[in-house]
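K.L.:
In case it helps, this note's numbering puts the sequence shown at residues 1262 to 1481.
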Amino acid sequence: MGTTQAGAARGDSDRRLGRRALLVGGVAAAVGTAALAREELSHLWWRLPGVEKSRVAGAVDFRGARWVAASPANYRRADRPDDYSVDRVVIHVTQGDYASAVKAFQDPAHEAAAHYIVRKDGRVTQLIRELDVAFHAGNREYNERSVGIEHEGFVEHASSFTDAMYAASARLTSAVCGRYGIPVDREHVIGHVEVPGTDHTDPGRYWDWDRYLGLVRQHI
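#1: Are D1463 and V1416 touching if we call contact CB-CB under 8 Å?
#2: Go ahead and label Q1479 buried or exposed: buried means 16 or more other beta carbons lie within 10 angstroms of its beta carbon, across all protein chains shown.
#3: Note down the Cα distance separating L1476 from S1346, rounded to an integer number of angstroms.
#4: How would you call D1446, buried or exposed, if buried means at least 16 neighbouring beta carbons within 10 angstroms?
#5: Judging by CA-CA distance, which residue of S1407, A1375 and A1398 is the nearest neighbour of G1442?
#6: If we ignore side chains and look at the alpha-carbon of each, how far apart do I1451 and S1315 end up?
#7: Please give me, in chain order, every unbroken run of the alpha helix (DSSP H) with length at least 4 that falls completely inside the segment 1335-1377.
#8: So, for A1326: in the same chain, excluding its five sequence neighbours on each side, which residues have a beta-carbon less than 6 Å away from its beta-carbon?
#9: Does DSSP put W1328 in a helix, a strand or coil?
#10: Do you know whose CA, among R1466, C1438, I1378 and A1429, lies nearest H1412's CA?
#11: Run through the segment 1379-1432 for me and flag every whole beta strand (DSSP E) of 3 or more residues, listed as ranges in chain order.
#12: Cβ of Q1367 within 8 Å of Cβ of S1332?
#13: Just tell me which of G1458, V1321 and D1358 has its CA closest to the CA of F1422.
#14: Use the C-beta contact count for G1414: other C-beta atoms within 10 angstroms, 16 or more gives buried, fewer gives exposed.
#15: Could you check whether I1389 and A1373 sit closer than 8 Å to each other, using their CB atoms as the reference points?
#16: Can you give me the start and stop residues for the beta strand (DSSP E) that G1452 sits inside?
#17: For T1459, which residues of its own chain have a beta-carbon under 8 Å away from its beta-carbon, when the five flanking residues on both sides are left out?
#18: Nearest-angstrom Cα distance between A1419 and G1465?
Below you can see the structure in the form of structure tokens.
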């Protein structure tokens, strides 16, 4: 299923090092903790004053998209691709209608949200800036390196995947791939089911990958 299942992003393990972790333990533990701290700090450089990219409230990364903000609890503020390179697009299916997906992504207790939702009629909604790490894949590494796109519908209903949806989603994925230099192939444009460690099945057997990638390449 898609990220609208509560708790889907717990595999993100998005927890920062606390002061206690830096103080407790012997010499060996301190060395290991110091190495981990350096790794964490290497991704926090943009938090310094004047370093972070400018942000405009309500701005979208995909022209024509509607902005509806997800709860800040369902993503991590970042400055991609400077702190995390982006090399994947992950395709999801909401397992519900558009309204229920938006409601879930705005719920701070949901623990998951995608960057975009594409409706059956082709309307695109952005909920999280591509700069930020959305909790959509259930895998921290993949969250950090990917853009997540939800599609309104159900994996077991072939009728969910309309011509308008394919066309709009393909334009969106093409724009994302062009922005980050992502190759348009099945290694880099993947389904949620292909994320390591996931227990999800979306987008399912009715998602036409050949058709979809063909449409994406038309807009490159």
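C-beta: ideal position from N, C-alpha, C; glycine also.
P.N.:
Walking through what the data contain:
#1: The residue given as residue 1463 occupies position 202 in the sequence shown. The residue given as residue 1416 occupies position 155 in the sequence shown. For D1463 and V1416, yes; Cβs fall inside 8 Å.
#2: In the sequence shown, counting from the first residue as 1, residue 1479 sits at position 218. The residue in question, Q1479, is exposed, as its Cβ has fewer than 16 Cβ neighbours within 10 Å.
#3: For the purposes of this step, residue 1476 is taken as residue 215 along the sequence shown, with counting starting at 1. For the purposes of this step, residue 1346 is taken as residue 85 along the sequence shown, with counting starting at 1. Between L1476 and S1346, the C-alpha separation is close to 25 Å.
#4: Residue 1446 sits at position 185 when you count from the first residue of the sequence shown. Classification of D1446: exposed, given that the 10 Å Cβ count is below 16.
#5: Here residue 1442 corresponds to residue number 181 of the sequence shown, with the count starting at 1. Of S1407, A1375 and A1398, the residue nearest in Cα terms is S1407.
#6: In the sequence shown, counting from the first residue as 1, residue 1451 sits at position 190. In the sequence shown, counting from the first residue as 1, residue 1315 sits at position 54. C-alpha separation (whole angstroms): 30 Å.
#7: 1359-1366
#8: Here residue 1326 is taken as the residue at index 65 of the sequence shown, counted from 1. Hits under 6 Å: V1385 and Q1387.
#9: Within the sequence shown, residue 1328 is the residue found at index 67, counting from 1. Looking at W1328 - three-state DSSP - the assignment turns out to be strand.
#10: To locate residue 1412, count along the sequence shown from 1; it is residue 151. Of the listed residues, the one whose Cα sits closest to H1412 is I1378.
#11: 1385-1387 and 1407-1412
#12: Taking the sequence shown and counting its residues from 1, the one referred to as residue 1367 is at position 106. Taking the sequence shown and counting its residues from 1, the one referred to as residue 1332 is at position 71. Yes, the Cβ-Cβ distance between Q1367 and S1332 is below 8 Å.
#13: The residue given as residue 1422 occupies position 161 in the sequence shown. Among G1458, V1321 and D1358, the Cα nearest to that of F1422 is on D1358.
#14: Mapped onto the sequence shown, residue 1414 falls at position 153. It is buried - the Cβ of G1414 has at least 16 other Cβ atoms within 10 Å.
#15: On the sequence shown, residue 1373 is found 112 positions in, with the first residue counted as 1. On the sequence shown, residue 1389 is found 128 positions in, with the first residue counted as 1. No.
#16: One-based indexing of the sequence shown puts residue 1452 at position 191. Run containing G1452: V1450 to G1452, per the beta strand (DSSP E) assignment.
#17: Taking the sequence shown and counting its residues from 1, the one referred to as residue 1459 is at position 198. Answer for T1459: G1272, A1398, G1399, N1400 and H1453, listed in chain order.
#18: Numbered from its first residue, the sequence shown carries residue 1419 at position 158. Numbered from its first residue, the sequence shown carries residue 1465 at position 204. One C-alpha to the other measures close to 9 Å.
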